[in-house]
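Protein chains in written order, with this note's numbering: chain P, 131 to 435; chain E, 131 to 435. Glycine included, C-beta positions come from ideal geometry on N, C-alpha and C. In this text, all values refer to a predicted model and were calculated from it rather than measured experimentally.
There are 2 protein chains.
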Amino acid sequence: MQPDLRQVATILQELQDSICDALETEDGEAQFVEDRVESENGGISAPRVMSGGTHIERSGVNFTFSLGDELPKAATARRPELAGCGFQAASLSLIVHPRNPYVPTTHANFRCFVAMREGKPAVWWMGGGYDLTPYYGFDEDAVHWHRTARQVCDGFSKELYPSMKDQCDDYFYLEHRKEPRGIGGVFFDDFRLKDWSTSVDFLQQLGQSFLAAYMPIVQRRKNISFGQRERDFQLYRRGRYVEFNLLYDRGTKYGIQSGRRIESVMCSMPPLVAWSYEPDLPAGEAERTLYERFLVPRDWAGMEI
Amino acid sequence: MQPDLRQVATILQELQDSICDALETEDGEAQFVEDRVESENGGISAPRVMSGGTHIERSGVNFTFSLGDELPKAATARRPELAGCGFQAASLSLIVHPRNPYVPTTHANFRCFVAMREGKPAVWWMGGGYDLTPYYGFDEDAVHWHRTARQVCDGFSKELYPSMKDQCDDYFYLEHRKEPRGIGGVFFDDFRLKDWSTSVDFLQQLGQSFLAAYMPIVQRRKNISFGQRERDFQLYRRGRYVEFNLLYDRGTKYGIQSGRRIESVMCSMPPLVAWSYEPDLPAGEAERTLYERFLVPRDWAGMEI
Numbered sequence: 131m132q133p134d135l136r137q138v139a140t141i142l143q144e145l146q147d148s149i150c151d152a153l154e155t156e157d158g159e160a161q162f163v164e165d166r167v168e169s170e171n172g173g174i175s176a177p178r179v180m181s182g183g184t185h186i187e188r189s190g191v192n193f194t195f196s197l198g199d200e201l202p203k204a205a206t207a208r209r210p211e212l213a214g215c216g217f218q219a220a221s222l223s224l225i226v227h228p229r230n231p232y233v234p235t236t237h238a239n240f241r242c243f244v245a246m247r248e249g250k251p252a253v254w255w256m257g258g259g260y261d262l263t264p265y266y267g268f269d270e271d272a273v274h275w276h277r278t279a280r281q282v283c284d285g286f287s288k289e290l291y292p293s294m295k296d297q298c299d300d301y302f303y304l305e306h307r308k309e310p311r312g313i314g315g316v317f318f319d320d321f322r323l324k325d326w327s328t329s330v331d332f333l334q335q336l337g338q339s340f341l342a343a344y345m346p347i348v349q350r351r352k353n354i355s356f357g358q359r360e361r362d363f364q365l366y367r368r369g370r371y372v373e374f375n376l377l378y379d380r381g382t383k384y385g386i387q388s389g390r391r392i393e394s395v396m397c398s399m400p401p402l403v404a405w406s407y408e409p410d411l412p413a414g415e416a417e418r419t420l421y422e423r424f425l426v427p428r429d430w431a432g433m434e435i
Numbered sequence: 131m132q133p134d135l136r137q138v139a140t141i142l143q144e145l146q147d148s149i150c151d152a153l154e155t156e157d158g159e160a161q162f163v164e165d166r167v168e169s170e171n172g173g174i175s176a177p178r179v180m181s182g183g184t185h186i187e188r189s190g191v192n193f194t195f196s197l198g199d200e201l202p203k204a205a206t207a208r209r210p211e212l213a214g215c216g217f218q219a220a221s222l223s224l225i226v227h228p229r230n231p232y233v234p235t236t237h238a239n240f241r242c243f244v245a246m247r248e249g250k251p252a253v254w255w256m257g258g259g260y261d262l263t264p265y266y267g268f269d270e271d272a273v274h275w276h277r278t279a280r281q282v283c284d285g286f287s288k289e290l291y292p293s294m295k296d297q298c299d300d301y302f303y304l305e306h307r308k309e310p311r312g313i314g315g316v317f318f319d320d321f322r323l324k325d326w327s328t329s330v331d332f333l334q335q336l337g338q339s340f341l342a343a344y345m346p347i348v349q350r351r352k353n354i355s356f357g358q359r360e361r362d363f364q365l366y367r368r369g370r371y372v373e374f375n376l377l378y379d380r381g382t383k384y385g386i387q388s389g390r391r392i393e394s395v396m397c398s399m400p401p402l403v404a405w406s407y408e409p410d411l412p413a414g415e416a417e418r419t420l421y422e423r424f425l426v427p428r429d430w431a432g433m434e435i
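Written as structure tokens, this is what we have:
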């Protein structure tokens, strides 16, 4: 079957709608605002941002559809044979920065790339995944998060989840801190299953599982009472998120280099962040547990709880 | 005259003392804490950090003296002929994040590098400078800042200031925002004057002029009353500082890559930072003036006021 990127674009736009709806409902107050821009060649940039909610301090859920006569350099570095090819790309990228420090931050991305070659079949691949960054960890949340992802993966192949889990741990790692960003999840790139329609199915099912993975955690934790101590720790830990995004994240780098609207690239930034000088801040047991139990690669999906 | 790095190290340590003293006196409350580490080979790392002051929200004033049998790669990339040489380096690096948004943030660095070659004269060079990042701009501050630097430079050569001012504007530029970081100052690298002692004189005089350049501005602005609006704008603009340091700054990158104690590298980070999604926030006249009048390369030293 020839790849039809409109099919993926439709899936990702529906996913954007359902995720924004669920986050608005969960928040109960704030709403997403969309700054849609359509380019002359048919491209669409539809960033949606929600700020200042009761439970969600900031969220960005951005859909983009881009196309061009020539693949961007970033995409042909590893595929020199595709230089000069026309291409289409669709992507949904999202981040949630909750207000309550007991609710973890999350990030997800689902994308598909198609390169058209004259007189030959198109070349295509997919990428994305989702990962979770708790401030205060809960075993049951971590297990639920990973099992939800594993369940989707296992429906296609038992080999998928372990590989994508490892790739996630490798990618979301702050080398300069010798620290994982969070408890991981799944991450994949240059990805194809046996054919186009199976791969689209996988992308769709994984995308749809995001809400099943994240929302129960939000619901369980969003009303836990917290004070200045937890807030301070959250703001401090958000600094790691900023460090990761600006020092390492390929999506942020690509967004900056490609000259995309900078506000849309930077909407992944937490609304408020603190840097503390104290090397081992804070010393409380709950905070130490984050480092000692949760910021350690672990087989969460396989844990008995 | 053969270069004697101990001479520069002594000058920079005296400078560290006088700058810390002046900042403590100006703040009137907070004090610097030093985390001195001496390495086995005779190196010294003496970061001093002050946090939570009345007027100074955070300041880091770090002296380091390092030496080794082999130049680090970062230093020989542009000087392959020096690979394998023994070296000594001394550096004073500082940053001040004031509490009052009417007081500008500042950064300064003074450093000297000596590479020893067997049977040949040592190779040495200096680098550094200082730059200013206002949140609310004042012509008289900008003029004073640049004239103070120019006066030191002119004492050595009329060509120094214009060149170092341009290098500063070039270096402290956020390409992804198409925005200067602040109003600049002076910046130099790979720098030598006609001989060692003249160059040391220059580094010392420029270093000593930092307080003359910065403190009168602090004194003029630190008691201006401000409200949430100015604070919000300051926190928002501090985001640019973080973006610069993590995306572009060579000192931060070098610190991260060289495996220095990460808290000392990151002590340049502002204590509290906000990212806002709104592309043109805020729209007030005072804030617009920052962008339109101050975040534009300008011949401040030559301005009639």
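Apart from the five residues just before and just after residue i, which ones in its own chain have a Cβ nearer than 6 Å to its Cβ?
| i | result |
| --- | --- |
| aspartate 271 of chain E | Ile347 |
| alanine 431 of chain E | His276, Arg277, Arg280 |
| asparagine 239 of chain P | Ser223, Gly258 |
| proline 343 of chain E | It is worth fixing the name first, because residue 343 of chain E is alanine in this sequence and not proline. Counting only Cβ-Cβ distances below 6 Å, and skipping sequence neighbours, we find Trp275, Thr278. |
When DSSP builds the beta bridges, which residues end up paired with residue i?
| i | result |
| --- | --- |
| leucine 153 of chain E | Beta-bridge pairing links leucine 153 of chain E to no other residue. |
| isoleucine 347 of chain E | In the DSSP output, where bridge partners are listed per residue, isoleucine 347 of chain E has none listed. |
| arginine 178 of chain P | P:Glu164, P:Val191 |
| asparagine 239 of chain E | E:Ser223, E:Gly259 |
| tryptophan 254 of chain P | P:Val244 |
| glycine 314 of chain P | P:Leu262 |
| valine 395 of chain P | In DSSP, valine 395 of chain P forms no bridge with anything. |
| valine 403 of chain E | P:Val403 |
| leucine 365 of chain P | For leucine 365 of chain P, which the question treats as bridged, DSSP gives no partner whatsoever. |
| leucine 341 of chain E | Per DSSP, none; premise fails for leucine 341 of chain E. |
| proline 228 of chain P | P:Ile186 |
| glutamine 218 of chain E | E:Leu197, E:Val244 |
| glutamate 309 of chain P | P:Leu304 |
Using only alpha-carbon positions, find the residue among the options that is nearest to residue i.
| i | options | result |
| --- | --- | --- |
| arginine 361 of chain E | E:Glu187, E:Met433, E:Arg178 | E:Glu187 |
| cysteine 298 of chain P | P:Val282, P:Leu262, P:Ser221, P:Gly285 | P:Leu262 |
| lysine 383 of chain P | E:Leu377, E:Arg209, E:Ile392 | E:Leu377 |
| serine 406 of chain P | E:Glu408, E:Thr419, E:Ile392 | E:Ile392 |
| threonine 140 of chain P | P:Glu415, P:Ala219, P:Ser398, P:Leu341 | P:Ala219 |
| arginine 428 of chain P | P:Lys295, P:Ala152, P:Gln358 | P:Lys295 |
| serine 388 of chain E | P:Glu305, P:Thr184, P:Phe321 | P:Glu305 |
| tryptophan 255 of chain P | P:Val244, P:Glu168, P:Ile313 | P:Val244 |
| phenylalanine 286 of chain P | P:Arg241, P:Arg322, P:Pro210 | P:Arg322 |
| serine 221 of chain P | P:Leu201, P:Ala213, P:Cys242 | P:Cys242 |
| alanine 156 of chain E | E:Leu142, E:Val167, E:Gly183, E:Glu144 | A small correction: the amino acid at residue 156 of chain E is glutamate; alanine does not occupy that position in the sequence shown. When only C-alpha atoms are compared, the closest one is E:Gly183. |
| glycine 214 of chain P | P:Ser329, P:Ala207, P:Ile225, P:Glu200 | P:Glu200 |
| glutamate 248 of chain E | E:Ile225, E:Gly216, E:Val273 | E:Gly216 |
| tyrosine 371 of chain E | E:Met396, E:Val167, E:Phe356 | E:Met396 |
| phenylalanine 356 of chain P | P:Glu373, P:His185, P:Gln146, P:Pro210 | P:His185 |
| alanine 207 of chain P | P:Asp320, P:Ser339, P:Glu159 | P:Asp320 |
| phenylalanine 195 of chain E | E:Glu373, E:Glu159, E:Leu135, E:Ile313 | E:Leu135 |
| valine 138 of chain P | P:Val273, P:Pro292, P:Asp331 | P:Asp331 |
Kindly indicate if chain B contains any beta-carbon less than 8 Å away from that of residue i.
| i | result |
| --- | --- |
| leucine 376 of chain E | Judged by its chain identifiers, the structure shown contains no chain B, and its protein chains are P and E. |
Looking only at its own chain, which residues have a Cβ that is under 8 Å from the Cβ of residue i, when we skip the five neighbours before and after it?
| i | result |
| --- | --- |
| arginine 368 of chain E | His227, Thr235, Pro400, Leu402, Val403, Ala404 |
| valine 163 of chain E | Arg178, Val179, Met180 |
| asparagine 171 of chain E | Leu197, Gly198 |
| serine 394 of chain E | Asp165, Ser175, Pro177, Gly190, Asn192, Gly385 |
| proline 310 of chain E | Asp299, Phe302, Tyr303, Leu304, Leu425, Val426, Pro427 |
| leucine 341 of chain E | Ser148, Ile149, Ala152 |
| alanine 252 of chain E | Gln132, Pro133, Val244, Ala245, Met246 |
Can you name, in chain order, every residue of its own chain whose Cβ lies under 7 Å from the Cβ of residue i, other than the five neighbours on each side?
| i | result |
| --- | --- |
| glutamate 417 of chain E | Phe363 |
| leucine 365 of chain P | Leu402, Val403, Ala404 |
| leucine 290 of chain P | Cys283 |
| phenylalanine 318 of chain P | Gly257, Gly258, Gly259, Met294, Gln297 |
Quick check: is any heavy atom of the ligand FAD less than 7 Å from the C-beta of residue i?
| i | result |
| --- | --- |
| glycine 198 of chain P | Judged by which ligands are present, the structure shown has none, so any question about the ligand FAD falls away. |
The region 260–267 of chain E in contact with the region 224–235 of chain E per 3-pair CB rule at 8 Å: Flag = yes, the region 260–267 of chain E and the region 224–235 of chain E touch.
Short-range partners of chain P found in the region 287–308 of chain E, where Cβ spacing is below 9 Å: With the criterion set as a beta carbon lying under 9 Å from some beta carbon of chain P, the members of the region 287–308 of chain E are Glu305, His306, Arg307, Lys308, in sequence order.
Chain P contacts made by the region 397–422 of chain E, where a contact means CB separation under 7 Å: Answer set for the region 397–422 of chain E: Cys397, Met399, Pro400, Pro401, Leu402, Val403, Ala404, Trp405, Tyr407, Pro409.
The region 295–314 of chain P contacting the region 333–352 of chain P, beta-carbon criterion three pairs below 8 Å: No: the two stretches stay apart, fewer than three of their Cβ pairs being nearer than 8 Å.
Positions along the region 177–206 of chain P whose CB lies within less than 8 Å of some CB in chain E: Under the 8 Å Cβ criterion, the region 177–206 of chain P contributes Val179, Ser181, Arg188, Gly190.
Contact list for the region 348–376 of chain E against chain P, Cβ threshold 8 Å: From the region 348–376 of chain E, only Leu365, Gly369, Val372, Glu373, Leu376 have a Cβ closer than 8 Å to chain P.
Near-chain E residues of the region 378–394 of chain P - C-beta to any C-beta below 7 Å: Within the region 378–394 of chain P, the residues whose Cβ lies closer than 7 Å to any Cβ of chain E are, in chain order, Ile386, Ile392, Glu393.
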